[in-house]
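A.B. asks: Have a look at this one.
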Amino acid sequence: MPHNHKKQVAKFYYADTKLVNQAIQVATETQKKWDRTPLSERFKIWDKAADLMAGKYRAKLNAATMLGQAKTTIQAEIDSAAELIDFFRLNAYFLKEATKYQPISENPRVTKNSMRYRGIDGFIAAVSPFNFTAIGGNLAYTPALMGNAVLWKPSDTALLSNWVTFKICLEAGVPPGVVNFVPADGPVFGDAITASPNLAGINFTGSVPTFTRLWKQVGQNIGIYKNFPRLIGECGGKNYHFVHPSADVETVANGTIRSAFEFCGQKCSACSRMYVPESLWPAIKEKLLVKRAQLKIGDPTDYNSFTSAVIDDKAFKRISGYIEYAKKSSNLEIIGGGKYDDSTGYFIEPTIVQTKDPKDKIMTEEIFGPVLTVYVYPDNQIKQTLELIDTSTQFALTGAVFAQDEAFLRSALEDLKMTAGNFYINDKSTGSVVGQQPFGGARLSGTNDKAGGPHYALRWGNPQSIKETFVQLIDIDYPYMNQ
């Protein structure tokens, strides 16, 4: 467990290349049968799975997420209960609505046009992260809903909650072989799936280097595939809060603390960089430091804990490395937090850094931990600071602006148009809800296919247009030819 690394809650084994290839064979064969299952039957299975998650297994899902991923009670509830259930219910609803569309038939007694929605022959590989149980369920089961068969490689550090999800779906009626649970070493899994002619797609959430590696391998092997594989990826970000001189200080402070430090800043959407005007910095700084000092960091099962430990030793070393860098840099000052201890669990204090250089690596590189860096800008350099947001990182996932000035808000929507796939006004950069704020970003944050939106399931579809004619075809000539 991240908060007590001497205690294990699950034991698992890696699949080797041979076993991954066996799973590919099973998935490819199963897909042909599964795709013949009517959508109406699949919808019933997904509804039953959601009911099981909401009722019989809600506590078990939350407990697995709390213990395995060190999520506090509320963070587990909004993930492994609410969001996971929403993905299952709303993806089925969106697909049901989308498939109501049928092409125009001008004279149905002469010609009937129709559309049917198929899966893709082959298999989909789902590679899921540690930070959201719900993302694992979505990556694996939304392609399956569309009629595909899936190899699901869960994160080693979210394996327990993902296994519970997998078992629930089997109980709900998802046939064996439709989704295949395949823990494996990343490169072994990646090499095996990209070498298979039956690879139909990859549904991925994780790091830029891993997604880049998979994309390159697909490109190098493009001549072997039966289909052009579809790649969907969400790869994190360097998310920002921009504060205008007209902003409400209390809203800024509360929103930033929650965005930057809930779940130790390990949400893809967590605020990691902040831009504050000189005129508001004294008031905002005071509130940030007071609120930060009040945060309890501890056991996730303690209802008083605001957050707990980071996920593992690798994360601990990476994040603490940035803190040590900040301590040594003349451009940076740690104004809150900065301590860390891995003797019992991987605990890192929520840390606030002030920078003189808005292009310092701590303002441009993804840290994925409880480290917030603040750049204080002159009030007369709003435009220049907005340009910094746009140009100083390779990411474009989430961002937020805080202002009461309506004219500024309208202009900021345009100036920051390409900086975030999810954009927030007077609210924190985290907290997207399925069906309300479809999630995803562009640039190196991913392919922006909007998980939780109405078109996501269709990305895994293979539609077929059908034209049926009811009259005799009586001639090969066109009318004008006989004049």
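Going by this note's numbering, the first residue of the sequence shown is number 1328, and it counts up by one from there. Using N, Cα and C, we set each Cβ at its ideal position, and we do this for glycine too. For clarity, every value in this text was computed on a predicted model and none was experimentally measured.
1. Nearest to A1342 by alpha carbon, out of D1732, F1555, P1514?
2. Quick one, which of Y1649, L1659, Q1711 has its alpha-carbon nearest F1695's?
3. Terminal residues of the continuous alpha helix (DSSP H) containing P1470?
4. Which term fits Q1681, buried or exposed, when burial requires 16 or more other beta carbons within 10 angstroms of its beta carbon?
5. What are the partner residues of P1604, as DSSP defines its beta bridges?
6. How big is the Cα-Cα spacing for T1720 and K1794?
7. Hey, would you say A1467 sits closer than 8 Å to S1455, going by beta carbons?
8. Measure from the alpha carbon of A1730 to the alpha carbon of each residue in T1400, P1604, T1796, then state which is nearest.
9. So what does R1645 bridge to, in DSSP terms?
10. Could I get the ranges of all uninterrupted alpha helix (DSSP H) runs contained in the stretch 1727-1782, with 4 residues as the minimum, in chain order?
11. Roughly how many angstroms separate the alpha carbons of I1689 and P1697, rounded to a whole number?
12. Which class does Q1544 belong to by DSSP, given the choice of helix, strand or coil?
13. Please return the same chain residues whose Cβ sits closer than 8 Å to the Cβ of V1347, not counting the five positions on each side in sequence.
14. May I have the straight-line CA-CA distance separating M1442 from D1668, to the nearest angstrom?
15. Is the stretch 1355-1365 touching the stretch 1553-1561 in the sense that three or more CB pairs, one from each, lie closer than 8 Å?
16. Since R1600 and T1700 should fall inside the 8 Å C-beta cutoff, what is the C-beta to C-beta distance between them, to a whole number of angstroms?
17. Go ahead and label F1339 buried or exposed: buried means 16 or more other beta carbons lie within 10 angstroms of its beta carbon, across all protein chains shown.
18. Using C-beta distances below 7 Å, list every residue in its chain close to A1354, excluding the 5 sequence neighbours before and after it, in chain order.
19. Which of the three DSSP states, helix, strand or coil, is assigned to E1660?
20. Could you tell me which of D1629, K1333, R1385 sits nearest to K1398, measuring between CA atoms?
21. What does the Cβ neighbour count give for M1393, buried or exposed, with the cut at 16 atoms within 10 Å?
22. By alpha-carbon positions, which one of K1345, G1382, L1615, Y1567 ends up nearest to P1677?
23. Cα separation between N1811 and I1351?
24. So what's D1512 in DSSP terms, helix, strand or just coil?
25. Are the CB atoms of G1779 and S1759 within a distance shorter than 8 Å?
26. If Y1602 and V1637 are in contact, beta carbons under 8 Å, what's the gap, nearest whole angstrom?
27. Between R1585 and N1525, what straight-line distance do the alpha-carbon atoms span, to the nearest angstrom?
28. G1762: which of G1773, D1742, Y1783 sits nearest, CA to CA?
29. In three-state terms, what does DSSP make of F1414?
30. My output table needs one value for T1682: the three-state DSSP class, helix, strand or coil.
31. Grab the span of the alpha helix (DSSP H) containing A1350 for me, first residue to last.
32. Are the stretch 1489-1501 and the stretch 1377-1388 in contact at 8 Å, needing three or more beta carbon pairs?
33. Is the separation between the beta-carbon of I1752 and that of V1728 shorter than 8 Å?
34. Does N1331 come out as helix, strand or coil in the three-state DSSP assignment?
35. Just tell me which of D1754, A1337, P1806, Q1335 has its CA closest to the CA of D1575.
C.D. replies: Considering the structure as presented:
1. P1514
2. Y1649
3. 1460-1472
4. The Cβ neighbour count for Q1681, taken over all protein chains shown within 10 Å, is at least 16; the residue is labelled buried.
5. The partner list for P1604 (beta bridge, DSSP) reads Y1704.
6. 49 Å
7. Yes. Within cutoff.
8. Nearest option by C-alpha distance: P1604.
9. Paired residues: none, contrary to the question.
10. 1733-1742
11. 12 Å
12. helix
13. L1478, V1509, A1511, V1515, F1516, A1519, I1520
14. Between M1442 and D1668, the C-alpha separation is close to 59 Å.
15. no
16. 5 Å
17. exposed
18. The answer, listed in chain order, is F1450, A1476, V1477, L1478, G1504, N1507.
19. strand
20. D1629
21. buried
22. L1615
23. The structure shown has nothing for residue 1811, since the chain only spans 1328 to 1810.
24. coil
25. yes
26. Actually they are not in contact, since the Cβ atoms of Y1602 and V1637 sit about 25 Å apart, beyond 8 Å.
27. About 44 Å.
28. Y1783
29. helix
30. strand
31. 1344-1361
32. yes
33. yes
34. coil
35. D1754
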